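**Student:**
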Amino acid sequence: MSNVNEQHPLETDQPRFSVKKPEVRFDRQGEMPDEQRVRKAMQNFVKDFGRVAALYMESCIHCGMCAEACHFYVTTEDPKYTPIWKLEPFKQAYKREYGPFAFVYRLLNLKHRVTVEQLQEWQELIYDSCTVCGRCSLMCPVSIDIASLVSQARHGMFQAGLVPHELWAVAERAEREGSPLGATPKVFRDRCEWLADDHEVDIPVDKEKADVLCAMSSIEIMKFPGSIVATAKIMKHLGVDWTFRSDGYEATNFGLLSGNSAWQKDMSMKLINAAVACGARVLILPECGHAYGALRWMGANLYGKPLPFRVMHIAEFLAEAVKGGHLKLKKLDKSATFHDPCQIVRRGGVIEAPRVVLEALGVELREMFPAKGTNWCCGGGGGVVTIHRADGLRYKTFQLKMKQIEETGAELPVTTCSNCRQTFDDGQAHFKWDKTMNSLLEMVADNLDE
Amino acid sequence: MELLEFARGPGMFWSVVIFVIGVLWRLVGIVLLRSKADLSEPRNPAAWRGLRNIVMRSWPRREFLGGTVFNETMGYVFHVGFLVALFFFLPHLLFFRDVSQGLIGTSFGQVFGFSWPALPGGMIYFFSAVSVAALIAVLIHRLISPVKRLISNFDDYFSWFVTIAPLVTGMLAYSHVGAPYQTLLALHLLSVNLLLVWFPFGKLMHSFTIFATRSVQGMQFERKGASL
């Protein structure tokens with residue numbers, strides 16, 4: 000497609016990956032005429048267009064209420080961040096090229112052709128200022144799942160070569176190397192070996208057969224390796240027959256986030272094939288929001304048949320162990336508040352499990368307002384945290400989170416998504432905030448009652 | 000009077016034909032698209048329970064109330080006012096009975112086994128006036144709200160016009176103000192013709208699709224155990 004990544008490699012040694020300085024942006028990939036870009040964008044937008052997406056596209060009443068649900072609008076009051084507006088060129092193209100009255104729109108030229116300039120302008124709205132958190136989908140009085148349409152719009156943008164530089168580059172690297180952050184199979188194996196020695200815990204990698212296959216996100220492997228150790232300690236505590244696999248360990252899916260459905264499938268199939276190869280009954284997904292949605296809700300559809308194993312988020316696994324009486328935890332005499340990762344809680348359905356685990360840890364849970372399904376996004380999901388030019392905007396939205404957490408007065412902010420955690424760490428550093436986000440998984444591992 | 004004869008004769012007939020064919024065309028155009036089965040293991044196999052979303056979404060969650068009070072209140076007021084005027088005004092009920100007898104030889108009430116009384120004309124006038132006031136308020140809001148102004152297009156303004164026109168002309172005809180009754184009645188019927196002709200092409204279609212969108216999102220999200 001292009002050699003953007005070689006020309007402008009990413010700094011992965013930084014606290015969060017970024018484009019090397021001086022910053023040279025490359026937000027158009029590949030060489031093709033403008034007309035072809037537009038055609039590709041629209042073809043790929045409608046490629047997987049089914050009944051549901053069409054129904055959503057036909058039903059907007061332009062009430063504008065979705066704006067009030069979007070952290071990007073609420074914190075800036077800039078109307079261009081109204082969620083449904085982020086889809087405007089695609090709505091325009093749908094009506095003109097695809098809808099039931101497309102012939103009328105074309106005949107009378109009621110909807111103009113989308114231009115490449117329009118799509119370039121919308122790149123910021125489809126990527127930088129949408130975390131695909133789906134809060135707007137709950138606000139919409141008509142019940143349009145706007146977030147799902149943004150994901151579909153990203154399919155078009157990717158094939159048109161109109162993805163923000165960093166997001167394209169990390170996605171390409173993930174497809175090429177198996178990880179967006181350089182956590183290649185060799186790096187992963189080495190890291191597990193080193194962590195096993197350092198922490199005197201058994202970390203099985205590449206066992207031929209195992210009941211449970213665990214996965215990690217690259218963010219954890221490279222920035223929060225404590226998650227690997229925590230997983231190993233908990234599995235040992237529970238006496239589970241488990242393994243990591245170097246042919247399927249990376250759960251993040253930058254194919255999904257960038258909008259390349261072929262790469263998305265490649266990335267998901269690695270995990271699926273690894274689980275099948277070791278005969279796993281359960282595949283446990285790590286503390287990563289979109290990784291959960293990508294495999295739990297989309298995996299079987301990419302596989303083409305129901306998955307022959309159960310897919311669980313680590314918080315669900317821990318909650319089941321608590322309920323079954325297998326997970327013995329020491330009590331923490333502290334107050335905590337839980338940040339709900341959007342793809343796990345609001346859109347994933349894992350709403351109570353993290354709270355069950357926190358209760359078992361004996362913390363006094365002080366819920367934010369709003370909490371659970373309507374909690375505010377951290378601002379870094381959907382690939383936004385990778386996009387440098389979106390930093391200023393993201394910091395604005397982060398202030399919503401700081402306010403929410405401060406208002407609870409809780410001692411410990413806790414979450415169960417490493418991407419949220421990374422966003423919190425970055426926000427904490429930016430605002431010199433005195434609150435550090437904690438991992439639910441690591442809290443459990445640190446308080447095992449052996 | 001020619002205009003009145005046209006409005007209640009061929010005008011009404013063809014606008015109903017366009018309305019029916021247009022609505023069916025648009026709905027069938029959506030339904031005929033493919034729909035892939037979701038192969039993921041449901042968290043909640045009783046996805047039909049998500050149908051509660053049809054009712055639930057009619058009122059925003061507490062967390063969302065703050066920024067939407069105006070939209071919600073005015074939305075309710077003009078919808079209720081419009082529906083009361085449409086379904087509880089005696090001449091409208093007589094019109095529906097005539098249509099029904101013309102189509103199936105008897106009244107809908109006898110077929111479905113229920114009917115409802117008309118409300119006094121003065122009360123209908125009041126509901127219409129309240130609905131008109133709310134529609135004017137939402138138009139002003141659309142013009143001054145930066146969000147609504149940005150996202151609005153011809154459909155929004157024209158749909159507003161074809162919605163308020165039957166209310167205003169109906170009130171004029173009822174109160175015999177500004178022109179002879181026959182002329183006002185003709186204008187009222189013409190505005191209804193226009194409403195019916197535009198209905199399938201613009202956002203008024205949400206009157207039908209809203210039940211489908213709420214059902215679909217309700218069932219999809221319920222299946223995942225996601226928030227609704």
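Just so you know, the sequences run in chain order F and A.
In terms of numbering that gives the first Met the number 0, the first sequence is residues 0 to 449.
In terms of numbering that gives the first Met the number 0, the second sequence is residues 0 to 227.
Virtual Cβ for every residue (Gly too), placed ideally from N, Cα, C.
Computed from a prediction, not measured in an experiment: that's the story for all the values here.
1) Valine 413/F lies in the beta strand (DSSP E); which residues open and close that run?
2) Which class does methionine 311/F belong to by DSSP, given the choice of helix, strand or coil?
3) Examine chain A for any beta-carbon lying closer than 8 Å to the beta-carbon of tyrosine 55/F, and answer yes or no.
4) On the DSSP bridge assignment, give the partners of phenylalanine 337/F in chain order.
5) Please state if the CB of serine 39/A and the CB of leucine 195/A are separated by a distance shorter than 8 Å.
6) Determine whether the Cβ of valine 19/A lies closer than 8 Å to any Cβ atom of chain F.
7) In the stretch 127-139 of chain A, which residues sit with their C-beta less than 8 Å from some C-beta in chain F, listed in chain order?
8) Work out the CA separation of alanine 45/A and histidine 91/A for me, nearest whole Å.
9) Are at least three pairs of beta-carbons, each pair with one atom in the stretch 129-143 of chain A and one in the stretch 153-172 of chain A, less than 8 Å apart?
10) Taking 7 Å as the limit between beta carbons, can you name the residues of its chain near methionine 11/A, skipping five residues before and five after?
11) Which runs of the beta strand (DSSP E) spanning at least 3 residues fall entirely within the stretch 228-284 of chain F, listed in chain order?
12) Using DSSP with H/G/I as helix, E/B as strand and the rest coil, what is methionine 215/F?
13) Would you say glutamate 67/F lies against chain A (beta-carbon separation less than 8 Å)?
14) Mind pulling the chain A residues with CB within less than 8 Å of leucine 137/F?
15) Quick one: is threonine 162/A near chain F, going by C-beta distance under 8 Å?
16) Compare the beta carbon distance of alanine 454/F and proline 369/F with 8 Å and say whether it is the shorter of the two.
17) Interface residues of chain F around threonine 182/A at Cβ under 9 Å?
18) Which bits of chain A does phenylalanine 100/F rub up against, with CB to CB less than 9 Å?
19) Roughly how many angstroms lie between the CA atoms of aspartate 77/F and arginine 188/F, to the nearest whole one?
20) Using only alpha-carbon positions, find the residue among Pro307/F, Asn374/F, Val169/F that is nearest to isoleucine 218/F.
21) Where alanine 428/F and phenylalanine 397/F are concerned, what is the direct C-alpha to C-alpha distance, given to the nearest angstrom?
22) Can you list, in chain order, the residues of its chain whose CB lies under 6 Å from that of leucine 186/A, leaving out five sequence neighbours each side?
23) Classify serine 438/F as helix, strand or coil using the three-state DSSP reduction.
24) Assuming lysine 94/F is part of the alpha helix (DSSP H), what are its boundary residues?
25) Exposed or buried, which one is arginine 244/F when buried takes at least 16 other CB atoms within 10 Å?
26) Do the stretch 52-66 of chain F and the stretch 193-212 of chain A touch if we need at least three Cβ pairs shorter than 8 Å?
27) Am I right that leucine 447/F and leucine 328/F are in contact with their C-beta atoms under 8 Å? What's the rounded C-beta distance?
28) What residue does the alpha helix (DSSP H) around leucine 142/A start on, and which one ends it?
29) Where do the N-terminal and C-terminal ends of the alpha helix (DSSP H) with cysteine 135/F fall, by residue?
30) Tell me which residues of the stretch 355-385 of chain F have at least one Cβ-Cβ distance to chain A shorter than 8 Å, keeping chain order.
31) Taking the DSSP output, what are the residues bridged to phenylalanine 88/A?
32) Can you check the stretch 47-132 of chain F for any alpha helix (DSSP H) of at least 4 residues that lies completely inside it and give the ranges in chain order?
33) Using 8 Å as the threshold, is the stretch 68-76 of chain F in touch with the stretch 154-164 of chain F, meaning 3 or more CB pairs across them?
34) Quick one: is asparagine 418/F buried, meaning 16 or more other Cβ sit within 10 Å of its Cβ, or exposed?
35) Have a look at the DSSP bridge pairing and note the partners of glutamate 456/F.
**Tutor:** A quick look at the data gives this:
1) One-based indexing of the first sequence puts residue 413/F at position 414. Element bounds for valine 413/F: 411-414.
2) For the purposes of this step, residue 311/F is taken as residue 312 along the first sequence, with counting starting at 1. It is a strand residue.
3) As a working mapping, residue 55/F is identified with position 56 in the first sequence. It does: the Cβ of tyrosine 55/F has a partner Cβ on chain A nearer than 8 Å.
4) Looking up residue 337/F in the first sequence gives position 338. Checking the DSSP bridge columns, you'll see phenylalanine 337/F partnered with Val413/F.
5) Against the second sequence, residue 195/A aligns to sequence position 196. Against the second sequence, residue 39/A aligns to sequence position 40. Not in contact: leucine 195/A and serine 39/A (Cβ atoms no closer than 8 Å).
6) By 1-based counting over the second sequence, the position of residue 19/A is 20. Nearest CB-CB separation between valine 19/A and chain F: not below the 8 Å threshold.
7) From the stretch 127-139 of chain A, no residue has a Cβ closer than 8 Å to chain F.
8) For the purposes of this step, residue 91/A is identified with residue 92 of the second sequence, where counting begins at 1. For the purposes of this step, residue 45/A is identified with residue 46 of the second sequence, where counting begins at 1. Our two residues, histidine 91/A and alanine 45/A, have alpha carbons roughly 42 Å apart in a direct line.
9) Short answer: they touch.
10) Here residue 11/A is taken as the residue at index 12 of the second sequence, counted from 1. Leu188, Asn192, listed in sequence order.
11) Correct list: 281-284.
12) The residue labelled residue 215/F in the question sits at position 216 within the first sequence. The answer is strand: DSSP assigns methionine 215/F an E or B state.
13) Position 68 of the first sequence, counted from the start, is the residue given in the question as residue 67/F. For glutamate 67/F, the nearest beta carbon of chain A is closer than 8 Å to its own beta carbon.
14) Counting from 1 along the first sequence, the entry for residue 137/F is found at position 138. When 8 Å is used as the limit between beta carbons, leucine 137/F is near these residues of chain A: Arg60, Phe63, Ser226, Leu227, in chain order.
15) Along the second sequence, one-based indexing puts residue 162/A at 163. Output row for threonine 162/A: interface = no.
16) Residue 454/F is absent from the model: chain F starts at 0 and stops at 449.
17) Numbered from 1 along the second sequence, position 183 holds the residue referred to as residue 182/A. Under the 9 Å cutoff, chain F gives no residues; its nearest Cβ is about 32 Å from threonine 182/A.
18) Start at 1 with the first residue of the first sequence, and residue 100/F comes out as number 101. Residues of chain A with a Cβ closer than 9 Å to the Cβ of phenylalanine 100/F are, in chain order, Gly21, Trp24, Arg25, Gly28, Pro199, Phe200.
19) As a first step, residue 77/F is located in the first sequence; it is residue number 78 there, counting from the start. As a first step, residue 188/F is located in the first sequence; it is residue number 189 there, counting from the start. So the two alpha carbons sit approximately 47 Å from each other.
20) Here residue 218/F refers to the residue found at position 219 of the first sequence. Scanning Pro307/F, Asn374/F, Val169/F for the CA closest to the CA of isoleucine 218/F turns up Val169/F.
21) Residue mapping note: residue 428/F aligns to position 429 of the first sequence, counting from 1. Residue mapping note: residue 397/F aligns to position 398 of the first sequence, counting from 1. Pairing alanine 428/F with phenylalanine 397/F, the inter-Cα distance amounts to about 12 Å.
22) Translated into positions along the second sequence, residue 186/A becomes position 187. Apart from sequence neighbours up to five positions away, the residues of its chain that approach leucine 186/A with a beta-carbon distance below 6 Å are Thr168, ordered along the chain.
23) Reading the first sequence from its first residue, position 439 is the one you call residue 438/F. Serine 438/F sits in a strand when the DSSP states are folded into three classes.
24) Here the question's residue 94/F lines up with position 95 in the first sequence. Element bounds for lysine 94/F: 87-96.
25) Along the first sequence, read from residue 1 onward, the residue named residue 244/F stands at position 245. By the neighbour-count rule (16 or more Cβ atoms within 10 Å), arginine 244/F is buried.
26) These segments touch.
27) For the purposes of this step, residue 447/F is taken as the residue at position 448 of the first sequence. For the purposes of this step, residue 328/F is taken as the residue at position 329 of the first sequence. The C-beta separation of leucine 447/F from leucine 328/F comes to about 7 Å, placing the pair in contact by the 8 Å criterion.
28) For this step, residue 142/A is matched to residue 143 along the second sequence. Counting along the chain, the alpha helix (DSSP H) containing leucine 142/A begins and ends at 120-143.
29) Looking up residue 135/F in the first sequence gives position 136. According to the DSSP assignment, cysteine 135/F belongs to the alpha helix (DSSP H) that extends over 134-138.
30) Of all residues in the stretch 355-385 of chain F, those with a C-beta nearer than 8 Å to a C-beta of chain A are Phe368, Pro369, Lys371, Gly372, Thr373, reading in chain order.
31) Within the second sequence, numbered from 1, the residue matching residue 88/A stands at position 89. DSSP lists Leu118/A as the bridge partner or partners of phenylalanine 88/A.
32) List check, alpha helix (DSSP H) in window: 50-58, 70-75, 87-96, 101-106, 115-122.
33) Verdict: no, contact absent.
34) Looking up residue 418/F in the first sequence gives position 419. Answer is buried; the Cβ neighbour count reaches 16.
35) Since the displayed chain F opens at 0 and closes at 449, residue 456/F lies outside it and no answer follows.
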